[in-house]
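For reference, the structure discussed in these notes is given below.
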Amino acid sequence: MDIFAQQVLNGLVLGSVYALVALGYTMVYGILGLINFAHGEVVMIGAMIALAVVSALLSVFPEMSPFLMIALAGTAAILVCMSLAFFIERLAYRPLRNAPRLAPLITAIGISILLQNIAMIIWGRKYKTVPQIFPTETFELFGANITSVQIFIITVSALLMAGLLVIVHFTKLGRAMRATSESQRVAGLMGINVNKIISVTFMIGAGLAAVAGILIAGNYSVAHYSMGFMLGLKAFTAAVLGGIGNLGGAVLGGLLLGLIESIGAGYIGDLTGGFLGSHYQDVFAFVVLIVVLVFRPTGIMGERVSERA
Amino acid sequence: MKYFMQDLWRRFTGNRRALFFGYVLLFVALALLPFLLSNTVGRTWVRILDFALIYAMLALGLNIVVGFAGLLDLGYIAFYAVGAYTWALLASPQFDLHLPFWAILPIGAGMAALFGVLLGAPTLRLRGDYLAIVTLGFGEIIRIFLNNLDHPVNVTNGPIGINKIDPISIGGADLTKTHELLGIVFSGVHIYYYVLLILLFLTIVICVRLEKSRIGRAWLAIREDELAAQAMGINTRNVKLLAFALGAMFGGVAGGLFASLQGFVSPESFGLLESIMVLCMVVLGGMGHVYGVLLGALLLTVLPEILRSTASPIQRTLFGEVYIDPEALRMLLFGLALILVMLVRPTGLWPAPKRRTVIDQDIVED
Amino acid sequence: MILKRSLAIVVAAMVVAGCGAESETSDGKQIINIGHVGPLTGPISHLGKDNERGAGLAVDEANELDLVIDGIPIQFRLLSEDDEANPQKATVVAQKLVDSNIVGVVGHLNSGTTIPASTIYFNSGIPQVSPSATAITYTHQDYQTAHRVMANDEQQGKVLGDYAVKTLGAMGIAIIDDRSAYGKGLADEFESAIKDAGGKILTREFTDITKTDFTAILTKIKGLNPDLIFYGGMDSQAGPMMKQIKNLGLTSLFLAGDGVQTTQFMVLAGAEGEGAYASSPGLPLDQMAGGKEFREKFKQIYREDIQLYAPYAYDATFVMINAMMRANSTDPAIYLPFLRNTDFPGVTGRIRFDERGDLRGGSISLYQVVEGKWQYVETIGGAD
Numbered sequence: 002m003d004i005f006a007q008q009v010l011n012g013l014v015l016g017s018v019y020a021l022v023a024l025g026y027t028m029v030y031g032i033l034g035l036i037n038f039a040h041g042e043v044v045m046i047g048a049m050i051a052l053a054v055v056s057a058l059l060s061v062f063p064e065m066s067p068f069l070m071i072a073l074a075g076t077a078a079i080l081v082c083m084s085l086a087f088f089i090e091r092l093a094y095r096p097l098r099n100a101p102r103l104a105p106l107i108t109a110i111g112i113s114i115l116l117q118n119i120a121m122i123i124w125g126r127k128y129k130t131v132p133q134i135f136p137t138e139t140f141e142l143f144g145a146n147i148t149s150v151q152i153f154i155i156t157v158s159a160l161l162m163a164g165l166l167v168i169v170h171f172t173k174l175g176r177a178m179r180a181t182s183e184s185q186r187v188a189g190l191m192g193i194n195v196n197k198i199i200s201v202t203f204m205i206g207a208g209l210a211a212v213a214g215i216l217i218a219g220n221y222s223v224a225h226y227s228m229g230f231m232l233g234l235k236a237f238t239a240a241v242l243g244g245i246g247n248l249g250g251a252v253l254g255g256l257l258l259g260l261i262e263s264i265g266a267g268y269i270g271d272l273t274g275g276f277l278g279s280h281y282q283d284v285f286a287f288v289v290l291i292v293v294l295v296f297r298p299t300g301i302m303g304e305r306v307s308e309r310a
Numbered sequence: 135m136k137y138f139m140q141d142l143w144r145r146f147t148g149n150r151r152a153l154f155f156g157y158v159l160l161f162v163a164l165a166l167l168p169f170l171l172s173n174t175v176g177r178t179w180v181r182i183l184d185f186a187l188i189y190a191m192l193a194l195g196l197n198i199v200v201g202f203a204g205l206l207d208l209g210y211i212a213f214y215a216v217g218a219y220t221w222a223l224l225a226s227p228q229f230d231l232h233l234p235f236w237a238i239l240p241i242g243a244g245m246a247a248l249f250g251v252l253l254g255a256p257t258l259r260l261r262g263d264y265l266a267i268v269t270l271g272f273g274e275i276i277r278i279f280l281n282n283l284d285h286p287v288n289v290t291n292g293p294i295g296i297n298k299i300d301p302i303s304i305g306g307a308d309l310t311k312t313h314e315l316l317g318i319v320f321s322g323v324h325i326y327y328y329v330l331l332i333l334l335f336l337t338i339v340i341c342v343r344l345e346k347s348r349i350g351r352a353w354l355a356i357r358e359d360e361l362a363a364q365a366m367g368i369n370t371r372n373v374k375l376l377a378f379a380l381g382a383m384f385g386g387v388a389g390g391l392f393a394s395l396q397g398f399v400s401p402e403s404f405g406l407l408e409s410i411m412v413l414c415m416v417v418l419g420g421m422g423h424v425y426g427v428l429l430g431a432l433l434l435t436v437l438p439e440i441l442r443s444t445a446s447p448i449q450r451t452l453f454g455e456v457y458i459d460p461e462a463l464r465m466l467l468f469g470l471a472l473i474l475v476m477l478v479r480p481t482g483l484w485p486a487p488k489r490r491t492v493i494d495q496d497i498v499e500d
Numbered sequence: 087m088i089l090k091r092s093l094a095i096v097v098a099a100m101v102v103a104g105c106g107a108e109s110e111t112s113d114g115k116q117i118i119n120i121g122h123v124g125p126l127t128g129p130i131s132h133l134g135k136d137n138e139r140g141a142g143l144a145v146d147e148a149n150e151l152d153l154v155i156d157g158i159p160i161q162f163r164l165l166s167e168d169d170e171a172n173p174q175k176a177t178v179v180a181q182k183l184v185d186s187n188i189v190g191v192v193g194h195l196n197s198g199t200t201i202p203a204s205t206i207y208f209n210s211g212i213p214q215v216s217p218s219a220t221a222i223t224y225t226h227q228d229y230q231t232a233h234r235v236m237a238n239d240e241q242q243g244k245v246l247g248d249y250a251v252k253t254l255g256a257m258g259i260a261i262i263d264d265r266s267a268y269g270k271g272l273a274d275e276f277e278s279a280i281k282d283a284g285g286k287i288l289t290r291e292f293t294d295i296t297k298t299d300f301t302a303i304l305t306k307i308k309g310l311n312p313d314l315i316f317y318g319g320m321d322s323q324a325g326p327m328m329k330q331i332k333n334l335g336l337t338s339l340f341l342a343g344d345g346v347q348t349t350q351f352m353v354l355a356g357a358e359g360e361g362a363y364a365s366s367p368g369l370p371l372d373q374m375a376g377g378k379e380f381r382e383k384f385k386q387i388y389r390e391d392i393q394l395y396a397p398y399a400y401d402a403t404f405v406m407i408n409a410m411m412r413a414n415s416t417d418p419a420i421y422l423p424f425l426r427n428t429d430f431p432g433v434t435g436r437i438r439f440d441e442r443g444d445l446r447g448g449s450i451s452l453y454q455v456v457e458g459k460w461q462y463v464e465t466i467g468g469a470d
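Chains A, B and C, in that order, are what the protein sequence lines are.
Okay, so the first sequence: first residue is 2 according to the working numbering, each after it adds one.
Okay, so the second sequence: first residue is 135 according to the working numbering, each after it adds one.
Okay, so the third sequence: first residue is 87 according to the working numbering, each after it adds one.
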């Protein structure tokens, strides 16, 4: 087995999930200029809902085809997350659209705490195990081991990201979204229902988050009420790395962050002669972020904003 | 009602004799508070109050960065950690150093200020949310280093933490032990209360004076419009760095006091959630307003403790059983409170009177 | 104004919250308070609750004996507090217990909370017996008040290291820990035991308790091809880790400490958990002197099974009461020396303390997952 190829592959799997979650951050940020801190928790809710549906189906119809089962669970999770996002935006962000910039940040933190604790009360504190409804098969690719679940993750993420890019760049809805992010006032004057576009943006992001949650739970076979928080932060880091507000940047940032973490943890010890070890994995990621931002203050693909923003 | 209160307040503050009398009353009340608490609900509450005062100091420090200068810092707890570890390393059996507190306090403050500049320098060009994520990363980096600096050379003991940190001692008298003065018995937590109260008072005075000074006005100018501030001849680089350094300094002092009061530090006290908690104190209380921030800090440290001692008994008397774990309930209410307060009062519970007019014009558009 | 008003409300609320405690029962017995601290809320609250029940059971049983100390009939009362597994909260509740005139404390559960709290108990002269804190530091601070009834990390790490090299025949070893006080402490002791036993450490890798992805470090480990992977950490990480080990095609043996020897590990690791080894301090419950009876009694009273450390909390409480009986005093200053000289037949085994307050001759048992169940392998140590 080729160790380097395996590390690159590990990074790509991790990175494609980061990218999927980062898209949600970046879309909301692009349109509202708001860090949606609760986005990570939406990922968690998606995973939990899918897990609950699969467990229920397994106990009632143990003979059901796994494809149908995952389709049902996925649909349920996506619907729940979308309506959740709709209500979050409606109740916690919309009333604060003209408030000082930090007010919606604090409500976002509040929502995040609220969702985590509600999930904890409903699903308990223990790590929950995810039943393996698909048999895990391992393949060899360029000398690296890859499981069927990992192939699934990379494929689904790539398809969704491509789909999103198509929506944003080639549909009427996408044009309305881009117009709204340029200027809400002007977009409104052009006959765009700004509130509706913002709601839709939140819901699309939440749908992606739900899928990300299912993919993660499926890959690691565990789900936990706190699983969304760190993931959300990492994804947010990825979005900033790529240039927040920029969809391509989020994908690039996500993949890059996954690769940095994986290769950092794998080689940092050898590179520094054993002085730094894999416990500095996260430091490595943040240092790269800081260095990138020092030289490109708006991220890798971020547009240069004039000082008078 | 609001205007009535404002009017009353103005009249009260306008009358010098009433004002003086009010201060005397406040002073006596604050001086007697620990005795009142330890005789009614136990000395534990004095310890909780001590922690509340430390958090108040911390929140005031963050207020300089976020409230005055408008720089969103999500890793502020790192400076608290630097202060705490400086104290821990210089006054514990770890390296067998036992410097006196009047030597460590300035060293800790200086170290924290240095780290403040270290964070500030590379991030000068960043604005808004880019700054937020970098400061967050900086906070995590500091915590991860503290957690791992036990190898290859043991500096911090890693996750195990440093124990047996010296308490403040004056003239050889250990302040965690019980002392008698003029026939009154002072226990350790009482003495810490007075020390902290004096330091907090100093912090408040410095903050209020700073806000009204040239530097304070420069911060305000940067917060409202950096480009215009620059055009007015303000050296934005130095003024921003000063905000980082001063804010960090207060964090460092608070951290040192925390270490000596608790007698133990470990990296888990300095996680991201703590940073968020302090930020919530600042924003909830009223960003940029010293007394508002003070209120926010006291509320967010004392209320959870009250809830903790009442949540289970109330559920038990109402339903005969504890349905929702008090920890979960506390966090639920905390989350809910954050949302509701922000929806009802987006500028905080007790915002700065002047800031209001500025914000009304501050439309997010563009 | 607002400040003052809210302060008044706060004070009023605190007066309501605090309630006075009587010092005598209705039938004239003197009440003696024993404290208990563990995380009763938070991620490991089930373990804290378990300890609380163990200590509660001991107190109830002692009260049925109608004990008389120094001519006064005694009734013990357990004051239980929650430290949320948080060091700062631990010092607050330790202070609270000291203020409530306890004569001794059973706790805390985690090393991270036990250590800072021990300073407060020591300063107030309150004897402390921890049922489950295993970090070495706790008893190495020269506090005469600090004791524990469980083998410490050094003892466990040594047994695990010897077992890995001598019994399992592993020479090249990779160590992972979760950077918690527990995981690091155990991994450090394991590492030095491996070196003493002649094994070779190929690498030391690290993760943390928020992670579920270990593929990067496992891939690196795979490149070194070790005979055995040791994990210092808890079941929540070990479960997914085990799956990833198998998915990457690693064939090394897997060994861990008591944090992994749980049913939760089995649930999370599933079929991939097969063959994993883990240790646990003390004997298996069914081999303890009074283990079976204790298990049944516990289940009968609380209608739930023992989670983990309840027998240790039970013993810790009885060791303390036993010392009071021998000293014929409930005064901490008087019975403390008697506590150090304990020789007590507990349900977890014979309990004696060494000069630091550590359990003398603490035994460690090893288990292996066979057909989806933890199977007892053997017990090492126990005699002096």
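Cβ atoms here follow ideal geometry from the backbone N, Cα and C, with glycine treated the same way.
Starting from the C-beta of residue i, find all residues in its chain whose C-beta is less than 6 Å away, skip the five residues before and the five after it, and write them out in chain order.
i             : result
residue 235/B : 302
For residue i, which of helix, strand or coil comes out of DSSP?
i             : result
residue 291/C : strand
residue 460/C : strand
residue 107/C : With a pLDDT of only 45 at residue 107/C, under 50, the local geometry of the prediction cannot be trusted, and no value is derived from it.
residue 388/C : helix
residue 341/C : strand
residue 296/C : coil
residue 303/B : strand
Given that a residue counts as buried once 16 or more other Cβ atoms are within 10 Å of its Cβ, and exposed if not, what is residue i?
i             : result
residue 414/C : exposed
residue 394/B : buried
residue 245/B : buried
residue 1/A   : Nothing can be reported for residue 1/A: it is not among the residues displayed for chain A, which extend from 2 to 310.
residue 149/B : exposed
residue 143/B : exposed
residue 221/A : buried
residue 113/B : For chain B, the structure presents residues 135 to 500; residue 113/B sits outside this window and is missing.
Residues bridged to residue i by DSSP?
i             : result
residue 399/B : 296/B
residue 300/A : None; residue 300/A has no bridge partner.
residue 366/C : 451/C
residue 160/C : 116/C
residue 226/B : 231/B
residue 314/C : 259/C and 339/C
residue 165/C : 121/C
residue 286/C : 258/C
In its own chain, which residues sit with a C-beta less than 8 Å from the C-beta of residue i, not counting the 5 before and 5 after it?
i             : result
residue 260/B : 268
How big is the Cα-Cα spacing for residue i and residue j?
i             : j             : result
residue 252/B : residue 272/B : 10 Å
residue 24/A  : residue 247/A : 9 Å
Near residue i, which residues of its chain fall below 7 Å by C-beta distance, leaving aside the five closest residues on each side in sequence?
i             : result
residue 433/C : 374, 375, 376, 377, 380, 397, 400 and 401
residue 444/C : 225, 234 and 238
residue 284/B : 290, 291 and 292
residue 370/C : 451 and 462
residue 97/A  : 104, 105 and 108
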